[in-house]
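Peer 1: Structure provided below as structure tokens; questions to follow.
In the numbering used here, the protein residues as written are 40 to 236.
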């Protein structure tokens, strides 16, 4: 009985030490940050004429280090995308789509601080701003899926810059029209500054 009590005590103590060590290691691998920057977006595969639209993105990020080189990063960014219309529809109209975007990226970082990143992205439409005479009802779908790839530089103090391209995989349009097709996709270039702490 005495041996059983001692064994149980040792087992519980070992489990507690392992749990504390695991939790400590987990939090050492986690880092958080803030990010903001400029978007240049347009619609790809549109059968109407468009020009690029300058927008912005801002939000936060969570990074989980897998090893000294690789990490997984998830970002939560409020992002203004869309396009300017020209020609057939309206010479002065802009279609502004406000998304909450969540890219999940695999990042590879070199010794010099240069990094490369790629991964999927899902975006939820929060608001759209356009002349409602262009379409009846909703212009864009509530969800948008894409892939992204980019590169950048992060200094040892956590400050960094980056650039990426986001290619839409799903059709944007959620309207019916006999004039234009709704199977165009988002296409966005982003330039960012960020700070990881």
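We put the beta carbon where it would ideally sit given N, CA and C, even for glycine.
Note that the structure is predicted; figures quoted are calculated from it, not measured.
Cβ atoms of residue 146 and residue 132: under 7 Å apart, would you say?
Peer 2: Counting from one through the chain shown, the residue named residue 132 turns up at place 93. Counting from one through the chain shown, the residue named residue 146 turns up at place 107. No. Outside cutoff.
Peer 1: Mind reading off the beta-carbon distance from residue 208 to residue 185? Whole number of angstroms is fine, and I expect it under 8 Å.
Peer 2: Here residue 208 refers to the residue found at position 169 when the chain shown is read from its first residue. Here residue 185 refers to the residue found at position 146 when the chain shown is read from its first residue. Right, the Cβ-Cβ distance comes to about 5 Å (below 8 Å), so this counts as a contact.
Peer 1: Excluding sequence positions up to five away, which residues of its chain have a Cβ less than 7 Å from the Cβ of residue 198?
Peer 2: The residue you call residue 198 lines up with position 159 of the chain shown. The answer, listed in chain order, is 234.
Peer 1: So within the region 63-127, which uninterrupted beta strand (DSSP E) runs reach at least 3 residues, ignoring any that extend past its ends?
Peer 2: 69-83, 92-104 and 109-124
Peer 1: Could you give the residue range of the beta strand (DSSP E) that holds residue 235?
Peer 2: Translated into positions along the chain shown, residue 235 becomes position 196. Residues 224-235.
Peer 1: Output the distance between the C-alpha atoms of residue 148 and residue 178, rounded to the nearest integer angstrom.
Peer 2: Locating residue 148 in the chain shown gives position 109, where the first residue counts as 1. Locating residue 178 in the chain shown gives position 139, where the first residue counts as 1. Answer to the nearest angstrom: the Cα atoms are 39 Å apart.
Peer 1: Pick helix, strand or coil for residue 184, following the three-state DSSP scheme.
Peer 2: Position 145 of the chain shown, counted from the first residue, corresponds to residue 184. DSSP places residue 184 in strand when its eight states are reduced to three.
Peer 1: Go ahead and label residue 172 buried or exposed: buried means 16 or more other beta carbons lie within 10 angstroms of its beta carbon, across all protein chains shown.
Peer 2: Counting from 1 along the chain shown, the entry for residue 172 is found at position 133. Residue 172 should be labelled exposed.
Peer 1: Report back the beta-carbon spacing between residue 224 and residue 211 to the nearest angstrom; my notes put them in contact at under 8 Å.
Peer 2: Indexing the chain shown from 1 puts residue 224 at position 185. Indexing the chain shown from 1 puts residue 211 at position 172. Yes, they are in contact, since the Cβ atoms of residue 224 and residue 211 sit about 6 Å apart, within 8 Å.
Peer 1: Identify whether residue 26 lies in helix, strand or coil by the three-state DSSP scheme.
Peer 2: The structure shown does not extend to residue 26, since the chain is modelled only from 40 through 236, so no value can be given for it.
Peer 1: Verify whether the separation of the beta carbon atoms of residue 76 and residue 194 is less than 7 Å.
Peer 2: For the purposes of this step, residue 76 is identified with residue 37 of the chain shown, where counting begins at 1. For the purposes of this step, residue 194 is identified with residue 155 of the chain shown, where counting begins at 1. No, these two residues do not count as a Cβ contact at 7 Å.
Peer 1: Can you tell me which of 111, 97 and 96 puts its alpha carbon nearest to the alpha carbon of residue 103?
Peer 2: In the chain shown, counting from the first residue as 1, residue 103 sits at position 64. Nearest of 111, 97 and 96 to residue 103, Cα basis: 111.
Peer 1: Since residue 164 contacts residue 136 with CB under 8 Å, what's their CB separation in whole angstroms?
Peer 2: Counting from 1 along the chain shown, the entry for residue 164 is found at position 125. Counting from 1 along the chain shown, the entry for residue 136 is found at position 97. Indeed, because the Cβ distance is near 6 Å, the residues count as touching under 8 Å.
Peer 1: Considering only residues of the same chain and omitting the five flanking positions on each side of residue 51, which have a CB-CB separation below 6 Å?
Peer 2: If you number the chain shown from 1, residue 51 lands on position 12. For residue 51, the predicted model reports a pLDDT of 48, less than 50, meaning its position is unreliable; a value from the coordinates is still stated below. Cβ within range, chain order: n/a, list empty.
Peer 1: Mapping DSSP to helix, strand and coil, what is residue 220?
Peer 2: Here residue 220 refers to the residue found at position 181 when the chain shown is read from its first residue. If DSSP states are grouped into helix, strand and coil, residue 220 belongs with coil.
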